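Here the structure is laid out as structure tokens; the discussion comes afterwards.
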Amino acid sequence: MSDTATTMFVQEARDLLEGLEDMLLDLEADPRPEKVDAVFRALHTIKGSGAMFGFDDLSQFTHHFEDAFDKVREGRLAVDGRLVDLSLRARDLMRSLLEDAEGARTREAEARAVLIRATADLTGPGTQADRATSAQAAAPPKEATRFDIFFRPAPDDLINGMRPDLLIEEIGALGPISVALDLGRVPPLDDLDPTRCWLGWHMSLTTSQGEDALRDVFIFADEAELTITPHTAMAAPEPDSPAPDDPAPARDAAVTRGGGSIRVESQRLDDMMDRLGELVIVQARLDQISRRIGDPMLETVVEEIDRLVTGLRDTTLSTRMLPIEMVFGKFRRVVRDLSGELEKTVALVTEGGETEIDKSVIDKLSEPLVHMIRNAIDHGIDDAETRRKAGKPAGGTVRLSATQEGGEVLITIADDGRGLDADAIRARAVERGLIEEAAVLSEAELHQLIFAPGFSTAKELTSISGRGVGMDAVKTTVDALRGQIQVASTAGRGTAITLRLPVSLAIIDGLLVRLGDAVYVIPLSSVEECVELDLAERHRESGRTMLQIRETLVPFLDLADIFNQPASTEPRRRVVIVRADGARLGLVVDDILGQNQTVIKTLSVFHRDVAGFAGATILGDGAVALILDVAVMIRTALEARDTPSVRLRRQAR
Amino acid sequence: MTRSVLTVDDSASIRETIAFTLEAEGFEVVGAADGSEGLSQVQNRRFDLVITDLNMPVMNGFDFIRGARATPNGAGVPIVMLTTESKPEAKAEGKAAGATGWINKPFDGEKLVTIVKKLVG
Amino acid sequence: MNGGARIAGTPASRSSEMLLLFSLSGETFGITVSNVSEVLDPIPPTEIPNADPFAAAVVNVRGAIVPLIDIRRRLRIRVTTEDGDTRIVVLDLPIGGVPTKIAMIADAVTKVIETDLGALEPIPELGARWPKKFVEGVARHDGDLVVLLDPQTLFDPDEPTAPDMQETTT
Chain R
282 MSDTATTMFV QEARDLLEGL EDMLLDLEAD PRPEKVDAVF RALHTIKGSG AMFGFDDLSQ
342 FTHHFEDAFD KVREGRLAVD GRLVDLSLRA RDLMRSLLED AEGARTREAE ARAVLIRATA
402 DLTGPGTQAD RATSAQAAAP PKEATRFDIF FRPAPDDLIN GMRPDLLIEE IGALGPISVA
462 LDLGRVPPLD DLDPTRCWLG WHMSLTTSQG EDALRDVFIF ADEAELTITP HTAMAAPEPD
522 SPAPDDPAPA RDAAVTRGGG SIRVESQRLD DMMDRLGELV IVQARLDQIS RRIGDPMLET
582 VVEEIDRLVT GLRDTTLSTR MLPIEMVFGK FRRVVRDLSG ELEKTVALVT EGGETEIDKS
642 VIDKLSEPLV HMIRNAIDHG IDDAETRRKA GKPAGGTVRL SATQEGGEVL ITIADDGRGL
702 DADAIRARAV ERGLIEEAAV LSEAELHQLI FAPGFSTAKE LTSISGRGVG MDAVKTTVDA
762 LRGQIQVAST AGRGTAITLR LPVSLAIIDG LLVRLGDAVY VIPLSSVEEC VELDLAERHR
822 ESGRTMLQIR ETLVPFLDLA DIFNQPASTE PRRRVVIVRA DGARLGLVVD DILGQNQTVI
882 KTLSVFHRDV AGFAGATILG DGAVALILDV AVMIRTALEA RDTPSVRLRR QAR
Chain D
-10 MTRSVLTVDD SASIRETIAF TLEAEGFEVV GAADGSEGLS QVQNRRFDLV ITDLNMPVMN
50 GFDFIRGARA TPNGAGVPIV MLTTESKPEA KAEGKAAGAT GWINKPFDGE KLVTIVKKLV
110 G
Chain S
11 MNGGARIAGT PASRSSEMLL LFSLSGETFG ITVSNVSEVL DPIPPTEIPN ADPFAAAVVN
71 VRGAIVPLID IRRRLRIRVT TEDGDTRIVV LDLPIGGVPT KIAMIADAVT KVIETDLGAL
131 EPIPELGARW PKKFVEGVAR HDGDLVVLLD PQTLFDPDEP TAPDMQETTT
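If you read the protein sequences in the order shown, they are chains R, D and S. The first sequence begins at 282 in my numbering and counts up by one. The second sequence begins at -10 in my numbering and counts up by one. The third sequence begins at 11 in my numbering and counts up by one.
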């Protein structure tokens, strides 16, 4: 079996198992025959193809569940929670048998046995799998026997592709043979349809093979007239039925193939994106040159190219887009398992699953979302009793929604639970040394603390903060995706956590700023406004200098300061107000140059540990500009709120 | 002359397996992802052998076989159906539609070659 | 005599190698041509604030953003001001298993020579100014000494840069 085919099978099986989980979850609510069939087909395909590609354990294990669903199809077994539970667990085990055949074999042999036993309990005795492996009964060697064979194909057999000559040749290979043609049925020439077969053959064969071997030669000729008469014994009974070990018919698993879609290796999409990035850069250079030359004819062409490149960019970006439903689907399972485990009734409601987001974002999103949903169910939603006392319905609801806003996708996980307890969070943060006892924090800043590393540990969390397991991991992932987290919570009413994520990771809109001779890019999605430094009054508050922007005080950093450069002497400097994670910060720069579309390139391993940069890009004039990592800047400012001058720290690698 | 095989299956891994096996036997292998793609292939040229799955989206194997038999290029060409079960109805239905033979999944290269040899020599 | 032993054990087939010779602060260094992708005129660098002085900037090499590396920071050579012959030697090296482009500053690129690696001498124990781990050995060419660098250690991103070797005066 070729490696490529095996790889393909693994991918197909993955997709099937992914779909199977949904189907099983659907089944519980709606056990219509079509849904049962769909489950059966998926299991059937995994069993059949698994055996072809050497996944014997997977195939054999799957066989048991295929049997169970065969019984369901035949109405001999009812779909209930127990069957769905077992099948979901079986599906997980199939997944690990697929991914790690060797490891799973040893590690999970026991789990497998347990599941098989449990299924057997459910399905009753005598499942097909129990008698599945029928030994290939080798016919005992025989002495040479003479057989008289008569063979007359059905009239349609020729048009249906049969080659009688090959069959006779094949019979002839079994031993010495003589063949005589029977023309008795050939009609008069006028009536003869040359596409139909009228001939028959008498053969006399001497062979040490048994009659079964002879019949095997004609296995496909089941419409034909065939008599085989051994000369030493009586004619054997007709073994007409084919191999018995396979169950009912099944359509191949429903491989989703939306309106003429194709599967493309994601590496190719990445390569395409890289090329496009370069094209955008060259195009910016072309723009600049064309402006300098000022030739109207050239400008027309350049504008046309601009338009085409923009179109090409949008199309290319859209090929990488996937509906967020792809991750939402997984959460039905999480919610079902967890509400069972915690004995809470929780419904999951999803909205906006059709919202599209870059594939690389989706890939990284599923784990943080699972964390957040777990937290919502575990610590946000109270038990039925408490909820009833609070005048809420006994069952809680977790609402998972997605929507696009400009260049960002907003994913919100909202529960109707007890809400965050601001006092408890503050107390915990002080205890953990995350904030000073006297620190003045806005509600948003307080809420952000649940994402701080070390804010809480699993053991203590339930009673105190209500939230926190893995939330710092959520934050890390969202930061890496250049996204932001917003928290809204009302005591007693519930909590909504919103992830703001860029639709695409490859190209962003940037604000170009200048500091000395250097140009930097600030992602436009985190820019709130730009003001002149002179117009902003400075205030001191709890040991740090703040800028007064209209009515509010905003902490600020001078880029020259954090970049370790001599103090700027420029007369009219600017402040860019950025926002991340619910906090605002002013970044002082020498000048604002304008906006541009920026292709993000990552920095090499030599610069990965330099804090404060999300990557770099190439400007129209060919110069490299660094892209600021706003979240890191804000964190730096918050951490160093009492230090007058701040340096970016190196990150631990 | 190189002999040609059309393999009709919605599963790329099965198509690849067949291609891998039969190319080693000197066949030219052409793939189609469902019955209707398969049918347009058959309408365009004559293959020495067709291998088709039965359960496919868009157009299933039975309809494909019937369609193929009805075109001049498809008459008389050996058509093997891939049966994922040996339930007699599916085979009987396939045979009635005009299939020449079948091969049960799972199959390995050896089994495939045996059947191909049997049907096209 | 670590270096000597290693070279003695090198198979004969690798004994002849093309070297690109370049100079830094008056010393001649060699690097195997197979690592060199191209030699370019100086490119305006973009400094990365707070970066290690060994890799203090990035440059645009044909649309790729490439770290600009000053190996003098590791070789403990004083940094003199650039003259007109400054070149950027672009290298393709596997770094941590990943093919990586690196732009290396050279005062001048002199020539390409063929040398017999079997005739490499280990760097002298005494009087060697360059950290031994960055050097494969010393070759003689036209009566001059050529220091053959070991790119794997020299460009190791995890190697700490000597803190005291910055901006020494001549």
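Note that CB positions come from ideal geometry on N, CA and C, so glycine has one too. Keep in mind the model is a prediction, meaning the values are calculated, not measured.
Asked, Found
"Output yes or no for whether 8 angstroms exceeds the beta carbon distance between L396/R and R427/R.", "no"
"Could you check where the alpha helix (DSSP H) with I586/R kicks off and where it finishes?", "577 to 600"
"Closest by CA to L589/R, which one among L560/R, R601/R, V608/R?", "L560/R"
"Distance, Cα to Cα, D753/R vs F736/R?", "8 angstroms"
"Tell me which residue opens and which closes the alpha helix (DSSP H) that D52/D is part of.", "50 to 58"
"Find the nearest neighbour of V76/S within the set M914/R, A918/R, L907/R, I915/R, judged by alpha-carbon distance.", "L907/R"
"Here's the rule I'm using: 16 or more other beta-carbon atoms within 10 Å means buried, otherwise exposed. How should M28/S be labelled?", "exposed"
"Just reading off the alpha helix (DSSP H) that L324/R is part of, what are its end residues?", "314 to 333"
"Could you name the residues that DSSP lists as bridge partners for K26/S?", "Per the sequence presented here, residue 26/S reads as Ser, with Lys not at that position. For S26/S, which the question treats as bridged, DSSP gives the partners D126/S."
"With DSSP as the reference, label V721/R as helix, strand or coil.", "coil"
"Short of 6 angstroms in beta carbon distance, which residues of its chain neighbour E666/R, apart from the five on each side in sequence? Order them along the chain.", "none"
"Beta carbon of I133/S, beta carbon of K143/S: below 8 angstroms?", "no"
"Decide if N33/D is buried, meaning its Cβ has at least 16 other Cβ atoms within 10 Å, or exposed.", "exposed"
"Around the Cβ of N845/R, are there at least 16 other Cβ atoms within 10 angstroms (buried) or fewer (exposed)?", "exposed"
"Just verifying my parser: in three-state terms, what is the DSSP assignment at K121/S?", "strand"
"Would you kindly work out how many angstroms separate the C-alpha atoms of E347/R and Q341/R, rounded to a whole number?", "10 angstroms"
"I want to see whether chain S comes within less than 8 angstroms of V721/R, judged by CB atoms only; does it?", "no"
"According to DSSP, is L486/R helix, strand or coil?", "strand"
"Hey, T60/D and V31/D: beta-carbon distance below 8 angstroms or not?", "yes"
"DSSP three-state label for N44/D, please.", "coil"
"Would you decide whether V43/S is buried or exposed? Buried here means 16 or more other CB atoms lie within 10 Å of its CB.", "exposed"
"Can you tell me the Cβ-Cβ gap for D64/S and R83/S, rounded? I've got them flagged as a contact below 8 angstroms.", "The sequence shown places Phe at residue 64/S, rather than the Asp named in the question. About 4 angstroms; that satisfies the 8 angstroms criterion."
"How far does the alpha helix (DSSP H) with D846/R in it reach, from first residue to last?", "According to the sequence shown, residue 846/R is Gln rather than Asp. Here Q846/R belongs to no alpha helix (DSSP H), and DSSP marks it neither H nor E."
"Would you mind reading off the limits of the alpha helix (DSSP H) that contains A13/D?", "1 to 13"
"Taking Cβ positions only, does N845/R come closer than 8 angstroms to chain S?", "yes"
"Looking at the structure shown, is M375/R part of a helix, part of a strand, or coil, going by DSSP?", "helix"
"Here's the rule I'm using: 16 or more other beta-carbon atoms within 10 Å means buried, otherwise exposed. How should K84/D be labelled?", "buried"
"So, does the stretch 355 to 375 of chain R touch the stretch 15 to 30 of chain D, judging by three or more C-beta pairs under 8 angstroms?", "no"
"Should the stretch 858 to 866 of chain R be regarded as contacting the stretch 804 to 811 of chain R, the criterion being three or more beta carbon pairs within less than 8 angstroms?", "yes"
"State whether the stretch 492 to 507 of chain R contacts the stretch 424 to 444 of chain R, with contact taken as three or more CB pairs (one from each stretch) at a distance under 8 angstroms.", "yes"
"Measure from the alpha carbon of V108/S to the alpha carbon of each residue in L603/R, V886/R, E450/R, then state which is nearest.", "V886/R"
"Over the uninterrupted alpha helix (DSSP H) stretch that includes R668/R, give me the two end residues.", "665 to 670"
"For T56/S, return the contacting residues in chain R, with the cut-off set at a CB-CB distance below 8 angstroms.", "A799, A897, A904, V905, A906, L907"
"Using 8 angstroms as the threshold, is the C-beta distance between V47/D and L(-5)/D below it?", "no"
"By how many angstroms is the C-alpha of S682/R removed from the C-alpha of L742/R?", "No answer about L742/R holds up, because its pLDDT of 42 lies below 50 and its placement is not dependable."
"Per DSSP, what are the beta-bridge partners of S368/R in this structure?", "Answer is none; S368/R lacks a bridge partner."
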